[in-house]
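For reference, the structure discussed in these notes is given below.
Number of protein chains: 2
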Amino acid sequence: MTARRPTVYDVAERAKVSIATVSFAFTRPDQISATTRERVLGIAREIGYMPSASARGLARGKTGALGLHSFDLLIERPQTREPVDPVGEAGGAAPDPGASFVPWDDAGDEFLADPRAFPLYVDEVQRGFELECRANGRPIMLSSGSGTTTSVAESAGRVDGLAIFPGPSAATTLAQVSLKMPIVLFSTPPGEDGHHRVLADNAGGMRELVTHLVTDHGITSLGFVGALRVADYRERFEAFRETLTDLGVAAPDEPLDDSLLGEDLGYTAVIEALRAGTLPRALVCASDQLALPLLDLFAAEGVRVPDDVVVTGFDGIFAGRLSTPSLTTVRQPMEAMGRTAARLLMDSSRSPSAEPAVVRLGTKLVVRASCGCAA
Amino acid sequence: MTARRPTVYDVAERAKVSIATVSFAFTRPDQISATTRERVLGIAREIGYMPSASARGLARGKTGALGLHSFDLLIERPQTREPVDPVGEAGGAAPDPGASFVPWDDAGDEFLADPRAFPLYVDEVQRGFELECRANGRPIMLSSGSGTTTSVAESAGRVDGLAIFPGPSAATTLAQVSLKMPIVLFSTPPGEDGHHRVLADNAGGMRELVTHLVTDHGITSLGFVGALRVADYRERFEAFRETLTDLGVAAPDEPLDDSLLGEDLGYTAVIEALRAGTLPRALVCASDQLALPLLDLFAAEGVRVPDDVVVTGFDGIFAGRLSTPSLTTVRQPMEAMGRTAARLLMDSSRSPSAEPAVVRLGTKLVVRASCGCAA
DNA sequence: TTGTACGCGTTATCAC
DNA sequence: GTGATAACGCGTACAA
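Residue numbers (the working numbering), protein chains in the order written: chain F, 643 to 1017; chain L, 643 to 1017.
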């Protein structure tokens, strides 16, 4: 079954033409006579020939694909169990002869797909990227990897342009690799590296949010939750402070709690403040993913949100609609960000001259229950 | 900036070694002396060299990547507006010099990310595929395309194995292309084409659902909504009939309504029955995506669900949790299906001898409000 | 341990 | 309109 894949030579031989003709039949249909074209195409289909993208990419100098690389900021939840083994015994009522049957496993489908785990910030951006590429017939190369230079490089070798979700280790790694192709960095402040940027208007969004809390709710005691190591969070914190100052409200010099996603989500500082009775009236979290577990924590501790303390997020992921109370947040236009990145890549691989672009996308305040607005 | 991408020759020249040594430095680090290796690696990093995946794939005969191809069954919603143009004027409060600012646009972010549009069946399967590939350090090639043979072929040339979401046109197209690599077909009944299969236990799930409706709710009048052109739907309908027959309930010979996703979602037959007052007590939909708009329709018509008519779905997508009433359905283990496909591909590219596998994965009945169970 | 030379499957540039 | 043939960049026997 898995014979060698047919090549142009195979087709050429059986069609009694040269390999050039075979190639033309596919790429320049009007340069050869209709009859030979039909014959060649027929043979090709018959023997299951399809051009090798590797060879084509090598010859043409470009692959046609766009890449999306994640410096592991999306934390793979520990797999508690062995992945499904398809070669297992045929249990259950397997109707297909020779089929293996894998029984339902609650653990394998966390809580019937936990919205806290799946459609996250990156997933929605990725989707936008995919949609735009799809609309333009561009294949997408998805890759991920941590610190090592090679992981980026490896995927970079397969594509004509690369969009990157930066992680903590991204900065140093990217600095080493001076990638010779168009690059878009998501959620990274402008810099001198010549790469494009696509990011949300963190400052504007945070300003709207804080203004809402202060002006509409009359809150004058606010704390920030989030680590400043993340560039987006840093921008949000800065805007948090500036807005408070502008509104004449005391602004903290630093975050109340710098719990970081995936590392320690202990909220130790929050808990400490809770015990000490020094919790601010509102906790402004740097992201939804930081805010949602905090809601759990407060629920477990008997602290009522928003009555005892107001909690807000940032990003606008799905899970924020389902939490109790639902989460007041700032929505990033994630799909648009993904689309923008893809277009940037396609444009600049067409005209490599262009200056590196920095695109900020506007955000939107989404008022829900956790600030005390909705029921 | 975008000079030619450096090659092994560039590195070799500057490092005063041969290209073989450069290659070894990357692929067989222990075959060469530490000093030369360091020197080579240093130069490589310095000039921004990265191996070309095209050339490597060509030389090695395999690319290392796995593919996921969608025959456009995921319907791209028509883009009502022009995609975001990053080169737009710098409006708003753009803090970055030279940056473009794209204001928030409600239309560009449908209803703050509509769960009806995004995490669908295919998205969750894709996610499983991604997770498994990521865990094994395998890049993923995402592609999509309709009828034409070339679209599958094109992506097929880039990967060592291909998982496929079949669409209406898939069968004929795939028959023409006898792809010479491991292939996994999702949600496709077993066949003689030598491809692997990964699908849900449609029959078991439907049996559970129908039994619940008949036994627990005492319903004896049921109709099926869904077109039999879709293989999954066909299996579900068959099980629907068989279960009813087994339970001694009259089973319809054919679906009440064969609205098909993306084509006409008119539910003409349902509406007709509604007008005529001949609506069955329960409408069993072939999928959630078929059931949810039906809920809308009934709401608009003043028909109460589940009081006047019971509606159920199949798949267990997110949106079914958010609808009013929430949707009783059968959950497919989509992440597990994606993971299984990836493993199948990796295993069979290692040992091409293996028989084509058929893996059925168990489903789970999810009882919610639309059948009258939950409040 | 390192260098030489060939092959991988296409595309593209020439001749014919 | 069609056929030789030279790149394309890398892996790898084989030789040194």
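Cβ coordinates follow ideal geometry from the N, Cα and C atoms, glycine included.
Using 8 Å for Cβ pairs, my map puts residue i next to residue j. What's the rounded Cβ distance?
i: F/F828; j: F/M988; result: In fact, because the Cβ distance is near 16 Å, the residues do not count as touching under 8 Å.
i: F/P896; j: F/P831; result: Contrary to the premise, residue 896 of chain F reads as Glu rather than Pro in this sequence. Their Cβ separation, rounded to whole angstroms, is 19 Å, which puts F/E896 and F/P831 out of contact at 8 Å.
i: L/D938; j: L/G958; result: At roughly 19 Å, the Cβ-Cβ gap does not stay under 8 Å, so L/D938 and L/G958 are not in contact.
i: F/L898; j: F/V867; result: 6 Å
i: L/R681; j: L/A657; result: 5 Å
i: L/T982; j: L/V1001; result: 5 Å
i: F/L936; j: F/V953; result: 6 Å
i: F/G706; j: F/R780; result: 7 Å
i: F/D874; j: F/N844; result: 6 Å
i: L/R613; j: F/D765; result: The question about residue 613 of chain L has no answer, for chain L in this structure spans 643 to 1017.
i: L/P648; j: L/G703; result: Rounded, the Cβ-Cβ distance is 24 Å, inconsistent with contact.
Would you give the residue range spanned by the alpha helix (DSSP H) that residue i belongs to?
i: F/M783; result: Per DSSP, F/M783 belongs to no alpha helix (DSSP H); it is in the beta strand (DSSP E), 782-787.
i: F/S696; result: 695-702
i: F/T677; result: 676-689
i: F/G980; result: 976-992
i: L/F771; result: 763-777
i: F/L804; result: Note, F/L804: premise wrong, no alpha helix (DSSP H); beta strand (DSSP E) at 803-807.
i: F/T663; result: 661-669
i: F/L1045; result: There is simply no residue 1045 of chain F to check, as chain F begins at 643 and stops at 1017 in what is shown.
i: F/L827; result: Premise fails: F/L827 lies in the beta strand (DSSP E), 825-828, not in any alpha helix (DSSP H).
i: F/R963; result: 961-964
i: L/V947; result: Premise fails: L/V947 is in no alpha helix (DSSP H) and is neither H nor E.
i: L/R656; result: 650-657
What is the residue span of the beta strand (DSSP E) that residue i lies within?
i: F/A842; result: 838-842
i: L/S712; result: 708-713
i: F/V952; result: 952-954
i: L/V744; result: 742-744
i: F/V856; result: Here F/V856 belongs to no beta strand (DSSP E), and DSSP marks it neither H nor E.
Alpha carbon to alpha carbon, how far is residue j from residue i? Give it in angstroms, no decimals.
i: L/C775; j: F/P894; result: 44 Å
i: F/I685; j: F/S675; result: 16 Å
i: L/D950; j: L/R923; result: 7 Å
i: L/L663; j: L/A697; result: It is worth fixing the name first, because residue 663 of chain L is Thr in this sequence and not Leu. Distance between the alpha carbons of L/T663 and L/A697 is about 17 Å.
i: L/A749; j: F/P671; result: 41 Å
i: F/P777; j: L/L710; result: Here the sequence assigns Ala to residue 777 of chain F, which means Pro is not the residue at that position. Each residue's alpha carbon lies about 16 Å from the other.
i: F/V975; j: F/G1004; result: A small correction: the amino acid at residue 975 of chain F is Pro; Val does not occupy that position in the sequence shown. Straight-line Cα distance between these residues: approximately 7 Å.
i: F/S1012; j: F/P967; result: 5 Å
i: F/M783; j: F/R800; result: 8 Å
i: L/G955; j: F/I825; result: 43 Å
i: L/I806; j: L/F713; result: 8 Å
i: L/E796; j: F/F882; result: 49 Å
i: L/V650; j: F/E655; result: 34 Å
i: F/D589; j: F/M692; result: As shown, chain F starts at 643 and ends at 1017. That puts residue 589 of chain F outside it, with no answer to give.
i: L/S990; j: L/A996; result: 7 Å
i: F/G860; j: L/T910; result: 53 Å
i: L/G890; j: L/R985; result: 42 Å
i: L/V659; j: L/L816; result: 48 Å
i: L/A701; j: F/L700; result: 11 Å
i: L/E884; j: L/A892; result: 10 Å
i: L/L864; j: L/A842; result: 23 Å
i: L/G770; j: F/A961; result: 19 Å
i: L/T920; j: L/G833; result: 39 Å
i: L/A673; j: L/F666; result: First, the residue type needs correcting, since residue 673 of chain L is Gln and not Ala in the sequence shown. Spanning the two alpha carbons is a distance of roughly 7 Å.
i: L/S694; j: F/H837; result: 21 Å
i: L/P1009; j: L/C1015; result: Per the sequence shown, residue 1009 of chain L should be read as Val rather than Pro. C-alpha separation (whole angstroms): 7 Å.
i: F/L851; j: F/L916; result: 23 Å
i: L/G846; j: F/P745; result: 11 Å
i: L/S993; j: L/V794; result: 23 Å
Would the beta-carbon of residue i be found less than 6 Å away from any heavy atom of the ligand NAD?
i: L/R883; result: Summarising the ligand content, the structure contains no ligands, and the ligand NAD is consequently not present.
Could you name each continuous beta strand (DSSP E) segment of 3 residues or more that falls completely within the stretch 864-942 of chain F, going from the start of the chain to the end?
Taking 3 residues as the shortest admissible run, the stretch 864-942 of chain F contains the following complete beta strand (DSSP E) segments, listed from N- to C-terminal end: 864-867, 924-927.
Please identify, using Cβ separations under 7 Å, the residues of the stretch 953-965 of chain F that lie next to chain L, in order along the chain.
If the cut-off is 7 Å between Cβ atoms, the stretch 953-965 of chain F has G958, F960 near chain L.
Please identify, using Cβ separations under 7 Å, the residues of the stretch 736-769 of chain F that lie next to chain L, in order along the chain.
Correct list: A736, P737, D738, G740, A741, S742, F743, V744, P745, W746, G750, D751, L754, A755, P757, F760, P761, E766, R769.
At a Cβ cut of 9 Å, what residues of the stretch 688-701 of chain L count as close to chain F, listed as they run along the chain?
Flagged, chain order: E688, I689, G690, Y691, M692, P693, S694, A695, S696, A697, R698, G699, L700, A701.
So if I threshold CB-CB distances at 7 Å, which residues from the stretch 985-1009 of chain F count as touching chain L?
Cβ proximity to chain L below 7 Å picks out R985, L986, P994, A999, V1000, V1001, R1002, L1003, G1004, T1005, K1006, V1008 from the stretch 985-1009 of chain F.
Using a Cβ-Cβ cut-off of less than 9 Å, list which residues of the stretch 650-682 of chain L approach chain F; keep chain order.
Residues F668.
With 8 Å as the C-beta to C-beta threshold (strictly closer), list the residues of the stretch 858-881 of chain F near chain L in chain order.
Listed in chain order, the positions of the stretch 858-881 of chain F with a beta carbon within less than 8 Å of a beta carbon of chain L would be empty, since no residue qualifies.
Residues, ordered as in the chain, of the stretch 792-803 of chain F that lie near chain L by beta-carbon distance below 9 Å
Residues T792, S793, V794, A795, E796, S797, A798, G799, R800, V801.
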